[in-house]
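K.L.:
Note that my numbering has the sequence shown beginning at 41, numbered continuously upward.
I'd like to ask some things about the structure below.
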Amino acid sequence: MRIPKFKLALIYLVLLGLSWITMTRREEPMPNGSAWRETDVPGNKGKLRYRKFTGANPQLPPLILVHGSPMASSCFDPLLEKLPRDRTILVPDLPGFGASSTGFSDFSFIAHAAALRRLLESEQIKSAHWVAYSQGGGPVLEMAAAMPDAVDSLTLLSSIGVQEYELTGDYFLNHALHGAQSIALEALRWGIPHFGWLDRFPLNTHYAGNFFNGDLRPLRGHLENFQKPLLIIHGDVDGLVMPGSAKEHFRIVPQSELIVLHGGHMLLMSQPGVVADALQSFAKNVDSGKAPNRKDASEVRINDAARPFDPASIMALQGTALWLALLGIGIATFASEDLACLAAGLLVARGLIPLPAGIFASFAGIWLGDMALYAAGRFGGGWCIRRAPLRWVVSERNLEVGRSFLLRKGAAAIFISRFTPGMRLPLYVAAGFLKMPAMKIAFWFLLAGIAWAVSVVTLIAAFGQRASDWLLQLGTAVFPATLILILLAWWLLRLGSLLVTHPGRRILRSKWQRLIRWEFWPPLAFYPPVVVAVIVMGLRRRCLLAFTAVNPAIPHGGISGESKSEILNHLASSGCVAPFVSLPAGMEAKLKIIRSAFNSFPLVVKPDVGERGSGVVIVHDEISLAREIASREENTMVQAYVEGAEFGVFYIRHPNESSGRIFSITTKIMTSVTGDGSRTLEELILDDDQANLSQKHFRTIYQERLATVPENGEKVTLAKIGSHCRGAMFLDGKDLITPALEAEMERIARTFDGFYFGRFDLRCPDQDALRRGEGIRIIELNGVTSEATHIYHPHTPLMVGYRTLIQQWRHAYDIGVANAANGARVSTWREFAAILGSHFNRKSH
C-alpha cells in the first residue's frame with residue numbers, strides 16, 4: 041500500500057523531534073578504568089574527562105598529551121605503550137571529543153585552551169611538558185601565550201601552526217571551506233533522525249566547529265614570542281599538515297629542534313617507538329637544563345627568525361600531497377564540475393599546484409564522468425535511467441530530448457551541451473543509448489572537456505589572488521563575503537556558458553522575463569501580501585473562515601478538493617455543460633462506459649479533483665485513452681473536447697442582491713508557433729517571444745517532436761489547455777462584457793442553487809458569440825480559491841494584480857458572512873487543516 045507523502049512527512053517530523061530530544065538529553069557515560077578523571081569547565085555545561093597515569097618520580101614535571109581533531113585521546117594509545125612511567129602522564133579528551141561529556145558548544149582553540157587551564161588547576165599542576173598533535177597545536181599555543189609559566193617545553197608533533205601552510209594557505213578560503221562543511225554537517229545532524237548516532241561518527245559537527253572556529257592567524261605571533269624549548273617532529277610526506285609548516289616553525293622559533301621522519305601524518309601510530317624516544321630524550325634535556333631557551337639561540341638563528349615571511353617561500357604541494365589534491369579535484373567534478381574547476385583555479389592562484397596540473401585534474405575528472413554517463417546509457421539503457429541515482433536527475437523525456445539533439449547536431453551537440461547547463465547528463469546518456477562509436481564519442485568528450493577545463497581554471501587562476509587579497513581585508517566579514525564570492529563566481533560560470541550559444545541566450549531571456557514579470561512568479565513569492573490581507577479581513581469580520589460559506593452548495597466554498605463532476609452535475613439543467621462522464625477510483629469497465637458516452641475523439645482526461653491544469657491530458661485515439669485511464673488511480677473525469685475559443689468568466693452575486701455580475705473575463709490564447717520550413721520546433725519555441733516564456737514546459741511535453749521541422753506556414757499549437765502555468769496567454773476581456781452575456785451567465789449561475797462566487801472556465805465559438813451569450817459550453821466551475829485571471833494580462837502592474845485579488849477576497853468574505861447569517865455552515869479549523877493537508881499531498885504527487 042502506498043503511503044501518502046504528507047503522512048510520510050508527518051512520520052519524519054515525529055522521528056526528527058524524538059531524535060532532537062534524545063540528542064539534547066544524551067550524556068556521554070564516564071569510561072571504565074581507574075585512570076579516568078573528570079573536571080568541570082567554567083563557562084560550559086559539560087565535563088572535561090582525561091586519563092591520569094601516575095609516574096614513579098613525582099618530582100618530574102608531568103607530560104600532557106593533547107590530541108587533534110577529529111581524533112580523541114585514544115590516538116595516543118600506541119605512544120603510551122612505548123613511553124616510560126617515570127613521570128605522570130595526562131591525556132585529556134578535549135571538549136566535544138572522545139569521552140568528554142556533551143554540553144559543549146564552543147570548540148575554538150581559545151575555548152579548548154581554557155579547558156586545558158582548568159585541567160592544570162584541577163590537578164594542581166604549575167607547569168608541564170606539552171605534546172600537541174595535529175590540530176591540538178592550536179589550543180596548546182593559545183594556552184602557552186596566556187600562561188607561559190605553565191609550559192616547561194612544547195613538542196609540535198605533526199602539528200598545525202602558521203596560517204600560510206594550512207590547507208590552501210588562505211584564511212578566507214579555508215574559512216569558507218570549513219564553514220560550508222560545518223553547515224552541511226549541522227544540516228545532517230538536525231535534519232536526519234539519527235538519535236545521536238551521527239554524533240559518535242568522527243566527522244561530526246564538533247570536528248567541523250573546531251576547524252571553522254579555529255583561527256590560525258594568531259599562532260604565528262605565539263610562536264615568534266615563545267621562549268621555552270621547542271621540539272618539532274614531522275613527517276616528510278605529511279599530506280594533511282604540509283612539511284613546509286614544520287620548517288617555517290623551525291625558522292621563526294630560533295631555539296627549536298627539528299626532527300623530520302620518513303612518513304605521513306600518522307607518525308604517532310606508525311612510528312610510536314621513535315616518537316617516544318625523541319620525547320623522552322627531549323624532556324630529559326629540558327629537565328637538566330640542556331635544552332636551549334630563546335635567549336640561548338644562536339645569532340644566526342635569531343636573525344633568520346627576524347626576517348619577515350616571504351610568500352614566495354611557500355612550496356607548492358609535492359609528492360603524495362600533490363597527488364591527493366589532484367585526486368580530490370578529479371573526484372569533486374563528479375559532484376559539480378563548475379565548483380571543482382573553481383577550486384582548482386584558486387589552488388593555482390595560491391601557488392599550491394601548477395596550472396597544467398590543475399587543468400589536467402579538472403579535465404580528467406570531467407572526461408571520466410562523461411564517459412561513465414556514456415557507459416551507463418550504452419550498457420544500462422532504459423533500465424539504468426529508471427533506477428537511482430540517474431532517475432533522480434534525468435527523466436526518460438530528457439533522455440529523448442538529448443537523443444534527438446544528438447542525432448540532429450552530432451559532434452556539435454557535445455560542444456553546445458558543455459556550455460548549456462542541464463543538457464550534458466541526458467545527452468551523454470543518450471549517446472550511449474544510441475550506441476554511438478565509443479572512440480569517436482571519447483574524442484569529442486576529450487576536446488570539449490579540454491576546452492572547458494582550460495578556459496575555466498585559467499580564468500579563475502588569473503583573478504583568484506586578487507579576490508584573496510581583497511577578502512583578507514574584511515576581518516570578521518570574511519566568511520559571508522567568501523560564500524558570496526564563490527556563489528557569484530559559480531553563477532558567472534553558468535551565465536557565461538549560456539551566453540556563448542544562441543539557444544542558451546534564448547533560455548536566459550526566458551529566465552529573465554519570468555523573473556521581472558510577476559505573473560510568472562512562484563506562489564511563495566507572489567501570494568504572501570494577499571494572504572496577509574485575507575487574514576486582516578477575517579480578523580475585522582471576527583471570523584477568519586467566513587469565506588468557506590461563500591458557496592453553501594460547494595463543500596467548504598470550494599477551497600480545494602471539491603469534485604468537479606458533482607459541481608457540473610448541478611449545472612446540467614443549464615444545458616451548457618460540455619458532455620462528461622465521471623469514473624470513480626476502482627470502477628470496472630471504464631473504457632466501456634467512455635465508449636458508450638462518446639463516439640469521437642479528441643477527449644479530455646483529467647482528475648475529478650485537480651488544480652491549475654494539473655493532470656489534464658487531451659487524447660486523440662483509443663490507445664492513448666486506454667493508457668491514460670490505466671495510469672490513473674484517483675477519481676477521473678472524461679470530457680468531450682470543445683472546439684473554439686476559451687474564456688474565464690468570474691461571477692459574483694451577493695445573497696441580498698437580485699442579480700449578480702461579471703467581475704472579470706479572461707480571454708485565453710493558446711500559444712502557437714508557425715513553421716518556416718527550416719527551423720526545428722525547438723528553435724521555433726525558443727525564438728518566439730511568447731512561446732519562449734514557457735519554453736521549459738513546451739520543450740518537455742513536445743520533446744519527441746523537438747527535432748522535427750514544421751513546413752512553411754504550418755501552425756503548431758503548443759498550449760492545448762487554458763492554463764497560464766501550462767503556456768496559455770491570458771488577456772483582459774472586459775470589452776466582451778455585454779448585457780446579453782451577463783443575462784446568460786446569470787441564467788446559468790441560477791441553475792446552481794447555493795452558488796454565489798467563482799469562475800466559469802468555458803469555451804465558445806468566438807468572441808462575438810460570447811458577447812451574444814450564445815454557444816457557451818462550461819468546462820469547469822471553480823469556487824472561492826479561483827482567481828480573476830485577467831490580472832495575468834501581459835505587463836499588468838503588480839499593484840493592480842494585488843488590488844484586484846484583495847477586492848475579490850473582500851467580496852468572498854462579505855458573501856460568506858451574509859450566508860453564515862442566513863444559516864450557511866462555516867468550516868471548522870480541523871476541516872480546514874485537513875483540506876490543506878490533502879491539497880499539499882496532491883501537489884506532491
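The beta-carbon is built from N, C-alpha and C at its ideal position, and this holds for glycine as well.
These numbers come from a predicted model, not from an experiment.
Between ALA618 and LEU408, what straight-line distance do the alpha-carbon atoms span, to the nearest angstrom?
P.N.:
For the purposes of this step, residue 618 is identified with residue 578 of the sequence shown, where counting begins at 1. For the purposes of this step, residue 408 is identified with residue 368 of the sequence shown, where counting begins at 1. If I take the Cα positions, the gap works out to 57 Å.
K.L.:
Please identify the residue among SER114, ILE547, ASN97, LYS604 whose C-alpha is closest to the C-alpha of VAL645.
P.N.:
What you label residue 645 is simply residue 605 of the sequence shown in a count that begins at 1. For the residues SER114, ILE547, ASN97, LYS604, the minimum Cα distance to VAL645 belongs to LYS604.
K.L.:
Contact check, GLN267 vs PRO179 under 8 Å by CB: the rounded distance?
P.N.:
Here residue 267 refers to the residue found at position 227 of the sequence shown. Here residue 179 refers to the residue found at position 139 of the sequence shown. About 19 Å; that fails the 8 Å criterion.
K.L.:
Answer yes if the segment 474-483 comes into contact with the segment 367-387, meaning at least three C-beta pairs across the two stretches below 8 Å, and no otherwise.
P.N.:
No, the segment 367-387 is not in contact with the segment 474-483.
K.L.:
For the pair the segment 556-570 and the segment 787-797, tell me if three or more CB-CB distances fall below 8 Å.
P.N.:
Cβ pair count under 8 Å is below three, so no.
K.L.:
Taking one C-beta from the segment 362-375 and one from the segment 328-340 each time, how about it: are there three or more such pairs within less than 8 Å?
P.N.:
Touching, no, given that fewer than three Cβ pairs across the two stretches are closer than 8 Å.
K.L.:
Tell me the rounded alpha-carbon separation between SER59 and PRO233.
P.N.:
Locating residue 59 in the sequence shown gives position 19, counting from the first residue. Locating residue 233 in the sequence shown gives position 193, counting from the first residue. Distance between the alpha carbons of SER59 and PRO233 is about 5 Å.
K.L.:
Pick out whichever of ASN250, ARG865, GLN99 has its Cα sitting closest to the Cα of ALA151.
P.N.:
Locating residue 151 in the sequence shown gives position 111, counting from the first residue. The option with the nearest alpha carbon to ALA151 is ASN250.
K.L.:
Identify, in the order they occur along the chain, each residue of the same chain with its Cβ nearer than 6 Å to the Cβ of ASP276, setting aside the five sequence neighbours on each side.
P.N.:
As a position in the sequence shown, residue 276 is number 236, starting the count at 1. PRO283, VAL300, HIS302, listed in sequence order.
K.L.:
Can you tell me whether ALA470 is buried or exposed? The criterion is at least 16 other CB atoms within 10 Å of its CB, across all chains shown.
P.N.:
The residue you call residue 470 lines up with position 430 of the sequence shown. Burial call: buried.
K.L.:
Skipping 5 residues on each side, what residues in its chain have a beta carbon closer than 8 Å to that of GLU754?
P.N.:
The residue labelled residue 754 in the question sits at position 714 within the sequence shown. Closer than 8 Å at the Cβ level, and outside the excluded window around GLU754, lie THR714, GLY715.
K.L.:
Of the choices ILE634, ALA593, ASN639, whose alpha-carbon is the least far from that of ASN822?
P.N.:
For this step, residue 822 is matched to residue 782 along the sequence shown. Selected option, being the one with the closest Cα: ALA593.
K.L.:
Does DSSP put GLY261 in a helix, a strand or coil?
P.N.:
For the purposes of this step, residue 261 is identified with residue 221 of the sequence shown, where counting begins at 1. Helix.
K.L.:
Beta-carbon within less than 6 Å of GLY688's beta-carbon, same chain only, minus the 5 sequence neighbours each way: which residues are those?
P.N.:
Within the sequence shown, numbered from 1, the residue matching residue 688 stands at position 648. Cβ neighbours of GLY688 beyond the five flanking positions: THR706, ARG799, ASP801, THR829.
K.L.:
State the DSSP-derived secondary structure class of ILE705, mapped to helix, strand or coil.
P.N.:
As a working mapping, residue 705 is identified with position 665 in the sequence shown. DSSP places ILE705 in strand when its eight states are reduced to three.
K.L.:
Helix, strand or coil for CYS616, going by three-state DSSP, please let me know.
P.N.:
For this step, residue 616 is matched to residue 576 along the sequence shown. Three-state DSSP puts CYS616 in coil, outside helix and strand.
K.L.:
Determine the burial state of THR844: buried for a count of at least 16 other Cβ atoms within 10 Å of its Cβ, exposed for fewer.
P.N.:
As a position in the sequence shown, residue 844 is number 804, starting the count at 1. Per the 10 Å Cβ criterion, buried.
K.L.:
Tell me whether the segment 114-123 and the segment 64-76 touch, counting them as touching only if at least three CB pairs, one residue from each stretch, are closer than 8 Å.
P.N.:
The segment 114-123, when compared against the segment 64-76, does not touch it at the 8 Å Cβ threshold.
K.L.:
Determine the burial state of TRP531: buried for a count of at least 16 other Cβ atoms within 10 Å of its Cβ, exposed for fewer.
P.N.:
On the sequence shown, residue 531 is found 491 positions in, with the first residue counted as 1. Exposed.
K.L.:
Taking the alpha-carbon positions, what's the PHE149 to GLY398 distance?
P.N.:
Locating residue 149 in the sequence shown gives position 109, where the first residue counts as 1. Locating residue 398 in the sequence shown gives position 358, where the first residue counts as 1. Cα-Cα distance, rounded: 33 Å.
K.L.:
Within the chosen definition, does the segment 387-396 reach the segment 196-216 through at least 3 CB pairs nearer than 8 Å?
P.N.:
Judged by Cβ distances under 8 Å, the segment 387-396 makes contact with the segment 196-216, as three or more pairs qualify.
K.L.:
I need the straight-line Cα distance from PRO543 to LEU726, nearest angstrom please.
P.N.:
Translated into the one-based positions of the sequence shown, residue 543 becomes position 503. Translated into the one-based positions of the sequence shown, residue 726 becomes position 686. The straight-line gap from Cα to Cα measures roughly 7 Å.
K.L.:
By Cβ distance below 6 Å, which residues in the same chain neighbour ARG787 in space, the five residues on each side in sequence not counted?
P.N.:
As a working note, residue 787 is residue 747 in the sequence shown. Cβ neighbours of ARG787 beyond the five flanking positions: none.
K.L.:
GLU602: buried (16+ other C-beta within 10 angstroms of its C-beta) or exposed?
P.N.:
By 1-based counting over the sequence shown, the position of residue 602 is 562. Label assigned to GLU602: buried.
K.L.:
Determine the direct distance from the alpha carbon of MET306 to that of ASP192, and round the result to whole angstroms.
P.N.:
The residue given as residue 192 occupies position 152 in the sequence shown. The residue given as residue 306 occupies position 266 in the sequence shown. Roughly 25 Å between the two C-alpha positions.
K.L.:
Can you name the start and end residues of the alpha helix (DSSP H) that VAL840 belongs to?
P.N.:
Reading the sequence shown from its first residue, position 800 is the one you call residue 840. Looking at the DSSP string, the run of the alpha helix (DSSP H) that includes VAL840 is 838-861.
K.L.:
Helix, strand or coil for SER826, going by three-state DSSP, please let me know.
P.N.:
Looking up residue 826 in the sequence shown gives position 786. It is coil, neither helix nor strand.
K.L.:
Tell me HIS169's beta-bridge partners as DSSP assigns them.
P.N.:
On the sequence shown, position 129 is the one that residue 169 refers to. Partner(s): LEU103, SER193.
K.L.:
Express the C-alpha separation of LYS335 and TRP76 in angstroms, rounding to a whole number.
P.N.:
Residue numbering aside, residue 76 sits at position 36 when the sequence shown is read from its first letter. Residue numbering aside, residue 335 sits at position 295 when the sequence shown is read from its first letter. C-alpha separation (whole angstroms): 39 Å.
K.L.:
Assign MET41 to one of two classes, buried (16 or more other C-beta atoms within 10 Å of its C-beta) or exposed (fewer than that).
P.N.:
Within the sequence shown, the letter at position 1 stands for residue 41. At MET41 the pLDDT is 48, less than 50, meaning the model places this residue with poor confidence and gives no usable figure here.
K.L.:
Quick one: what does DSSP say MET769 is sitting in, helix, strand or coil?
P.N.:
By one-based count along the sequence shown, residue 769 stands at place 729. Reduced to three states, the DSSP call for MET769 is strand.
K.L.:
Let me know if ASP80 comes out buried or exposed under the rule of 16 or more other beta-carbons within 10 Å of its beta-carbon.
P.N.:
Position 40 of the sequence shown, counted from the start, is the residue given in the question as residue 80. Answer is exposed; the Cβ neighbour count stays below 16.
K.L.:
Measuring alpha carbon to alpha carbon, tell me which of LEU197, ARG418, SER285, ASN253 ends up nearest VAL314.
P.N.:
Position 274 of the sequence shown, counted from the start, is the residue given in the question as residue 314. Nearest option by C-alpha distance: LEU197.
K.L.:
Quick test of the definition: if touching needs 3 or more C-beta pairs under 8 Å, does the segment 235-248 touch the segment 256-265?
P.N.:
No contact exists between the segment 235-248 and the segment 256-265.
K.L.:
Just verifying my parser: in three-state terms, what is the DSSP assignment at CYS583?
P.N.:
Counted from its first residue, the sequence shown places residue 583 at position 543. Three-state result, CYS583: coil.
K.L.:
In terms of alpha-carbon separation, which member of ARG91, ILE777, VAL494, ILE819 lies closest to LEU608?
P.N.:
One-based indexing of the sequence shown puts residue 608 at position 568. Measuring from the Cα of LEU608, the nearest candidate turns out to be ILE819.
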